[in-house]
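Okay, so here's the structure we're looking at.
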Amino acid sequence: MKLWRNALFSLFFIALALFLVACSSDSPSSTEEDKKDEPDTTAEEQDNATDEGEDKEQVTIVYARGVDTTPGTDMVIEAFEKKFPNIKIESREMPADTGQSHDQYVTAFSSQSTEIDVFNADVIWPAEFAQANYALELDRLIERDGIDMDTYFPGTVAAANFDGRQWAMPQYTDAGVFYYRTDIVETPPATWDELIEQANALKGQEGTEFGYIMQAAQYEGLITNAIEFIASYGGQVIDEDNNVVVDSPETVKAIEKMAEVVGSDFVPGNILNFQEIDTENAFVEGKSVFARNWPYMQSSSNDEEKSKIVGNVAITTLPAGDAGNAAALGGWMTMINRYSEHPDEAWEFVKFISGEEGQKITAVSGGRAPTLKALYDDAEVKEASELFANPDFAAVLESAVSRPVTPIYPVVSDVMQIEISKVLTGDQTAQEAATNMQTKIEAAMNE
Ligand code: GLC
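Letter by letter, the sequence shown follows residues -22 to -1, 1 to 425 of mature numbering (1 follows the signal peptide of the UniProt record, and there is no 0).
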């Protein structure tokens, strides 16, 4: 089986660049540790922290994060608390819909609430949150603790950098991937047209109800799916020089193809309500031949407790349009609330979850793709996932297409969500959507 076709992730992709060296997330002693006066304590023992916590004040920090259907988050918290017994993590689950989480954070942080200390941030937020002064700049801490940002994928570091400063630490990265049933499919579709053909032909086999499932609800996930269609036909929303270029024949064709898929008989009747979690539930229940989701679904697909398709799932690149295939860049980072009352402990936690130990746990137990390059050479990470073991996956991550990086991203996304949804519901043509997006996004950028 040819897992990752040597596809042409080139030209229109934003190249996320190169990699790294060794990870230096082992932090040197912090200033608090200077208080310790046992002369023969080695740095390693200090790092091991088990006895370190005893004479320290107990602190609870609140960690807000999205829904995790895997054990990854709980396990990483458990490992942290074991290592830092003086810090307790109170985990707060935010909505699965990233847009809803975003709005709740904005409400809390704009009133300078101290309730949340550390939070997970979608890759599309740092520019906005930095400009609004919601987050703590991390440069001084990164430097103090000798963290080498070159050990992370450059694209993930860049997404957390705004105005020359680092506002977040990359925690895991996402790229849209294509799942298919190996008990039904012989050769996965190379193009969107082949997908349409195969989904029509194979739907119904092995108890499936649908040929393809994706995220078509009116929310942020729709934009990631749309970006994949648009880029695969050679279109862009905003170009490298910050020009709005969404009204192009390429984008129109892409949206038409997306509407053809969404309007077909092989998707669920309620596809316009589908988010990631609906996709995951239907897929692991064995209801669909093909699915688009993020890498984490490999974990649930192979989880004996919830999946009916264990052993019958493979992953490959999304189908291609006229210009090749494209994966949208997603992913999450950790940020510290600027008004946190426990910034030192918050930083300790951020360092842990974004460091090698934390990322390894979320990769192995949560199916999340590490942002630290070195972990792709780690035997346990490779063993946990066929995807992470495949060297071409790193290439997918590097060439994944970013959503526009701008502090007004929420406005851009809202415009796109509204305009594209209207095409999917048959209320306007793809050309009308492209024209409207062009005008509205330009206006927003010029404000
Ligand atoms: C995933 C991605 C995130 C994206 C979201 C859309 O969580 O990591 O970047 O915005 O899906 O639903």
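Each residue gets a CB set at the ideal place from its N, CA and C atoms; glycine is no exception.
On the DSSP bridge list, what partners appear for residue 222? On the sequence shown, residue 222 is found 244 positions in, with the first residue counted as 1. Answer is 216, bridged to residue 222.
So residue 151 and residue 362 are supposed to be a Cβ contact under 8 Å. How far apart are they, rounded? Within the sequence shown, residue 151 is the residue found at index 173, counting from 1. Within the sequence shown, residue 362 is the residue found at index 384, counting from 1. Actually they are not in contact, since the Cβ atoms of residue 151 and residue 362 sit about 16 Å apart, beyond 8 Å.
At what residues does the beta strand (DSSP E) containing residue 387 begin and finish? In the sequence shown, counting from the first residue as 1, residue 387 sits at position 409. No beta strand (DSSP E) contains residue 387, which is instead part of the alpha helix (DSSP H) from 387 to 402.
With DSSP as the reference, label residue 268 as helix, strand or coil. Here residue 268 corresponds to residue number 290 of the sequence shown, with the count starting at 1. Here DSSP, grouped into helix, strand and coil, assigns residue 268 to strand.
List the residues that DSSP assigns as beta-bridge partners of residue 98. The sequence position of residue 98 within the sequence shown is 120, counting from 1. Within the DSSP bridge table, the entry for residue 98 names 312 as partners.
If you count every other CB in all the chains shown that lies within 10 Å of the CB of residue 73, and 16 or more means buried, which is it? As a first step, residue 73 must be located in the sequence shown, where it is residue number 95. Counting every other CB atom within 10 Å of its CB across the protein chains shown gives residue 73 a total below 16, marking it as exposed.
Work out the CA separation of residue 388 and residue 81 for me, nearest whole Å. As a first step, residue 81 must be located in the sequence shown, where it is residue number 103. As a first step, residue 388 must be located in the sequence shown, where it is residue number 410. Going from the Cα of residue 81 to the Cα of residue 388 covers about 10 Å.
Hey, could you find the ends of the alpha helix (DSSP H) residue 122 is sitting in? If you number the sequence shown from 1, residue 122 lands on position 144. From DSSP, the alpha helix (DSSP H) with residue 122 extends over 117 to 122.
In this structure, how does DSSP classify residue 180 when only helix, strand and coil are distinguished? By 1-based counting over the sequence shown, the position of residue 180 is 202. In the structure shown, residue 180 sits in a helix (DSSP, three-state: H, G or I).
Going by DSSP in three states, residue 377 sits in which element: helix, strand or coil? Looking up residue 377 in the sequence shown gives position 399. Note: residue 377 maps to helix in three-state DSSP.
How is residue 148 classed by DSSP in three states: helix, strand or coil? Your numbering for residue 148 matches position 170 in the sequence shown. Residue state, collapsed to three classes: strand.
In the DSSP output, what is residue 350 paired with across the bridge? For this step, residue 350 is matched to residue 372 along the sequence shown. Beta-bridge pairing links residue 350 to 130.
Is the separation between the beta-carbon of residue 162 and that of residue 261 shorter than 8 Å? Looking up residue 162 in the sequence shown gives position 184. Looking up residue 261 in the sequence shown gives position 283. No.
Residue 71 - DSSP class collapsed to helix/strand/coil: For the purposes of this step, residue 71 is identified with residue 93 of the sequence shown, where counting begins at 1. Three-state DSSP puts residue 71 in a strand.
Using DSSP with H/G/I as helix, E/B as strand and the rest coil, what is residue 202? Translated into the one-based positions of the sequence shown, residue 202 becomes position 224. If DSSP states are grouped into helix, strand and coil, residue 202 belongs with the helices.
Where do the ends of the beta strand (DSSP E) carrying residue 188 lie? Indexing the sequence shown from 1 puts residue 188 at position 210. Its beta strand (DSSP E) spans residues 188 to 191.
Give the range of the beta strand (DSSP E) segment to which residue 155 is assigned. Against the sequence shown, residue 155 aligns to sequence position 177. Note, residue 155: beta strand (DSSP E), 155 to 159.
Using a Cβ-based criterion (distance less than 7 Å to any ligand heavy atom), does residue 125 qualify as near ligand 1? By 1-based counting over the sequence shown, the position of residue 125 is 147. Not so, every heavy atom of ligand 1 lies at least 7 Å from the Cβ.
How many angstroms separate the CA atom of residue 224 from the CA atom of residue 425? Locating residue 224 in the sequence shown gives position 246, counting from the first residue. Locating residue 425 in the sequence shown gives position 447, counting from the first residue. Near 18 Å, if we compare the C-alpha coordinates of residue 425 and residue 224.
Hey, quick one: how far does the alpha helix (DSSP H) through residue 195 stretch, first residue to last? In the sequence shown, the residue the question calls residue 195 occupies position 217. In this chain, residue 195 is not harboured by any alpha helix (DSSP H), its DSSP state being neither H nor E.
Between the alpha carbons of residue 257 and residue 48, how many angstroms are there, rounded? Residue mapping note: residue 257 aligns to position 279 of the sequence shown, counting from 1. Residue mapping note: residue 48 aligns to position 70 of the sequence shown, counting from 1. When rounded, the distance between both Cα atoms is 15 Å.
Which residues in the same chain have their Cβ closer than 6 Å to the Cβ of residue 87, if we skip the five residues on either side of it in sequence? Walking along the sequence shown from the start, residue 87 turns up at place 109. Exclusion of the five residues before and after residue 87 leaves 112 as the residues of its chain whose Cβ lies within less than 6 Å of its Cβ.
In chain order, what residues of the same chain have a beta carbon less than 6 Å from the beta carbon of residue -13, not counting five sequence neighbours either side? Against the sequence shown, residue -13 aligns to sequence position 10. Low confidence applies here, because residue -13 scores a pLDDT of 33, under 50, leaving its location unreliable; read the following figure in that light. Nothing listed; no residue qualifies.
Residues in its own chain within less than 6 Å of residue -21 by CB, not counting five upstream and five downstream? Taking the first residue of the sequence shown as 1, we reach residue -21 at position 2. With a pLDDT of 40 at residue -21, under the threshold of 50, the modelled position of that residue is not reliable, and the figure given next carries that caveat. Cβ within range, chain order: n/a, list empty.
With a 10 Å radius around its C-beta and 16 neighbouring C-beta atoms as the bar for buried, classify residue 203 as buried or exposed. What you label residue 203 is simply residue 225 of the sequence shown in a count that begins at 1. It is buried - the Cβ of residue 203 has at least 16 other Cβ atoms within 10 Å.
Within 10 angstroms of the Cβ of residue 352, are there 16 or more other Cβ atoms? Answer buried if so, exposed if not. Looking up residue 352 in the sequence shown gives position 374. The residue in question, residue 352, is buried, as its Cβ has 16 or more Cβ neighbours within 10 Å.
Taking the alpha helix (DSSP H) that residue 292 belongs to, which residues open and close that run? Start at 1 with the first residue of the sequence shown, and residue 292 comes out as number 314. Counting along the chain, residue 292 falls outside any alpha helix (DSSP H), though it belongs to the beta strand (DSSP E) covering 291 to 294.
Beta carbon of residue 188 nearer than 8 Å to that of residue 244: Here residue 188 is taken as the residue at index 210 of the sequence shown, counted from 1. Here residue 244 is taken as the residue at index 266 of the sequence shown, counted from 1. Yes, these two residues count as a Cβ contact at 8 Å.
Going by C-alpha distance, which of 63, 246, 259, 56 is nearest residue 34? As a position in the sequence shown, residue 34 is number 56, starting the count at 1. Measuring from the Cα of residue 34, the nearest candidate turns out to be 63.
To the nearest whole angstrom, what separates the beta carbons of residue 309 and residue 198, a pair I think is in contact under 8 Å? Here residue 309 corresponds to residue number 331 of the sequence shown, with the count starting at 1. Here residue 198 corresponds to residue number 220 of the sequence shown, with the count starting at 1. The distance from the Cβ of residue 309 to that of residue 198 is about 13 Å, inconsistent with a contact at the 8 Å cut-off.
So what's residue 365 in DSSP terms, helix, strand or just coil? As a working mapping, residue 365 is identified with position 387 in the sequence shown. If DSSP states are grouped into helix, strand and coil, residue 365 belongs with the helices.
On a CA-only basis, which of 413, 304, 325, 137 is nearest residue 373? Give me that one, please. Sequence index remark: in the sequence shown, residue 373 carries index 395 (1-based). Closest option to residue 373, judged by alpha-carbon separation, among 413, 304, 325, 137: 304.
Tell me the DSSP bridge mates of residue 37? Indexing the sequence shown from 1 puts residue 37 at position 59. Looking at the DSSP assignment, residue 37 forms a beta bridge with 65.
Would you identify the three-state DSSP class for residue 165, choosing helix, strand or coil? For this step, residue 165 is matched to residue 187 along the sequence shown. In this structure, residue 165 counts as coil in the three-state DSSP scheme.
What's the C-alpha gap between residue 104 and residue 180? Counting from 1 along the sequence shown, the entry for residue 104 is found at position 126. Counting from 1 along the sequence shown, the entry for residue 180 is found at position 202. Going from the Cα of residue 104 to the Cα of residue 180 covers about 42 Å.
Label residue 286 either buried or exposed according to how many other C-beta atoms from any shown protein chain fall within 10 Å of its C-beta, with 16 as the threshold for buried. Here the question's residue 286 lines up with position 308 in the sequence shown. Exposed: under 16 other Cβ atoms inside 10 Å.
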